[in-house]
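Residue numbers (the working numbering): 2 to 88.
Ideal placement from N, C-alpha and C gives every residue a C-beta, glycine not left out.
Keep in mind the model is a prediction, meaning the values are calculated, not measured.
Please read the structure below before turning to the comments.
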């Protein structure tokens, strides 16, 4: 619940785990598996709706500007810069 509360805190109507049906929660909890991974390298890729139509990309930028989560304003500015470079 702590992770959900953290990520939902900035939403107008934050979702709570208790909002989900009990059987869904039970099934989901049974499906969680812990694992340990050794990392050999890290490779980054930008997945910022660049393959979507312009209207969708602009909608994402608008949505980021409306939120107040860490990094949203910076990400919106970066995406806006990418849009300007396409022109």
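Query raised in the report: At what residues does the alpha helix (DSSP H) containing residue 60 begin and finish?
Result: 55-67
**Report entry** CA-to-CA distance, residue 67 to residue 89, given in whole angstroms
**Finding:** It is not possible to answer for residue 89, since the shown part of the chain is limited to 2 through 88.
Requested in this report: Jot down the residue ranges of each uninterrupted alpha helix (DSSP H) in the region 2-53, minimum 4 residues, whole runs only, in chain order.
Outcome: 3-9, 23-32
Report task. Give me the Cβ distance between residue 70 and residue 11, rounded to the nearest whole Å; I'm assuming they're in contact under 8 Å. Result -> 5 Å
Report task. Drop a sphere of 10 angstroms on the beta-carbon of residue 58, count the other beta-carbons inside from all chains shown, and report buried for 16 or more, exposed for fewer. Result -> buried
Requested in this report: For residue 26, collect the residues of the same chain with a Cβ closer than 7 Å to its Cβ; drop the 5 residues on either side in sequence, then sort them by chain order.
Outcome: 18
Requested in this report: Whole angstroms is fine: what's the gap from residue 21's alpha carbon to residue 37's?
Outcome: 29 Å
Requested in this report: Kindly indicate which three-state DSSP category residue 73 falls into: helix, strand or coil?
Outcome: helix
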